[in-house]
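Read in order, the letters of the sequence shown correspond to residues 44 to 238 in the numbering used here.
Since the structure comes first, as structure tokens, the remarks are kept for the end.
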Amino acid sequence: MEAYEKTKYDEGLVSCLQNMGNLYRREGVAQNDKKLLEPALSYHRRSLAVMDTVHDLSRLATAYGNIADVHTLLGAFDEAEKYFLRAETLSQKVGDMATLGYIYGRHAELAAKTGRMAAALRYNESALKLMIGSGVKSGRSARRDHRGRIGTRAWSRFSHQPPRSGKGRFGRRKLRQSQQRNRSKRFRTANRHAG
């Protein structure tokens with residue numbers, strides 16, 4: 044990062060700062076440690092300070108979305124709302140539908156965490172339409188999955204730990220087999236109680 048700061052290559056510096064912020068955010072979530080989210084917020088704010096020289100509104104919208112994500116994780120919901128609205132406005136202004144779909148999906152999570160379920164579903168449906176319309180394939184399944192979580196229970200990033208899959212091909216196979224067994228158990232239990 045120091046190399047970027049010395050050469051004044053602003054676009055590279057912005058990318059570097061945003062990547063550092065995202066790494067700290069991911070590490071904070073993975074370790075269930077909110078202390079790691081403060082450096083994430085710091086890096087994202089530093090990227091905003093450099094943004095005035097880049098003039099890339101789509102990238103600025105992404106930066107606002109990143110800051111909103113960190114505020115959501117820290118429980119500063121009013122601040123998160125403010126940054127999500129800025130990100131949405133910029134994405135709409137530029138016409139970047141993929142970023143707007145991502146922002147809507149993240150805003151849906153915020154709305155669900157604050158108990159505004161109707162708004163969460165509305166944002167999520169908008170995200171799904173934009174993701175399908177813009178052809179972002181990875182986002183479609185993510186938004187559909189998230190829509191199911193919103194409708195069934197409250198969800199918090201810090202209460203969810205991803206399953207340990209092991210290493211390599213055999214670890215993934217064992218994880219898939221375990222997931223299939225769990226699905227069939229739930230199906231058998233549901234049918235037993237229904238009949």
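Here a beta-carbon is modelled for each residue, glycine too, at the ideal position from N, C-alpha and C.
Same chain only: Cβ atoms within 6 Å of residue i, ignoring 5 sequence neighbours per side
i: Ala-162; result: Ala-154
i: Glu-122; result: His-114
i: Ala-170; result: Gly-144, Tyr-147, Gly-148, Arg-186
i: Ala-104; result: Ala-130, Leu-133, Ser-134, Thr-142
i: Lys-156; result: none
i: Met-63; result: Tyr-86
i: Leu-173; result: Met-140, Leu-143, Gly-144
i: Phe-120; result: Thr-157
i: Met-160; result: none
Sequence-distant residues of its chain with Cβ nearer than 8 Å to residue i (five each side left out)
i: Ser-36; result: Since the first residue shown for the chain is 44 and the last is 238, residue 36 is missing from the structure and cannot be characterised.
i: Arg-224; result: none
i: Arg-166; result: The question names Arg, but residue 166 is Tyr in the sequence shown. Contacts found: Tyr-147, Gly-148, His-150, Ala-151, Ala-154.
i: Asn-65; result: Ala-83, Asn-109
i: Gly-254; result: Within the shown structure, residues of the chain are numbered from 44 to 238, placing residue 254 beyond reach of any answer.
i: Leu-128; result: none
i: Thr-50; result: For Thr-50, the pLDDT reaches just 48, beneath the cut-off of 50, and the residue's location in the model is therefore unreliable, although a value from the coordinates is still provided. Correct list: empty, nothing qualifies.
i: Tyr-126; result: Tyr-107, Gly-108, Ile-110, Ala-111, His-114
Enclosing alpha helix (DSSP H) for residue i [first to last residue]
i: Arg-69; result: 53–73
i: Lys-156; result: 140–156
Proximity below 8 Å, CB of residue i to CB of residue j
i: Leu-3; j: Arg-68; result: It is not possible to answer for residue 3, since the shown part of the chain is limited to 44 through 238.
i: Leu-60; j: Tyr-86; result: yes
i: Ala-106; j: Met-94; result: yes
Buried or exposed (CB count within 10 angstroms, at least 16 for buried), residue i
i: Asp-112; result: buried
i: Arg-219; result: exposed
i: Gly-108; result: buried
Close Cβ partners of residue i (< 7 Å) along its chain, the five nearest in sequence each way excluded
i: Val-57; result: Ser-90, Val-93, Met-94, Val-97, Arg-102
i: Gln-222; result: none
CB contact below 8 Å: residue i versus chain B
i: His-114; result: Considering every chain present, this structure includes no chain B. It has just one protein chain.
Heavy atom of the ligand PLP within 7 Å of residue i beta-carbon
i: Phe-127; result: The model depicted lacks the ligand PLP and carries no ligand whatsoever.
What are the complete alpha helix (DSSP H) segments, minimum 4 residues, inside the region 85–123? You should have 100–117.
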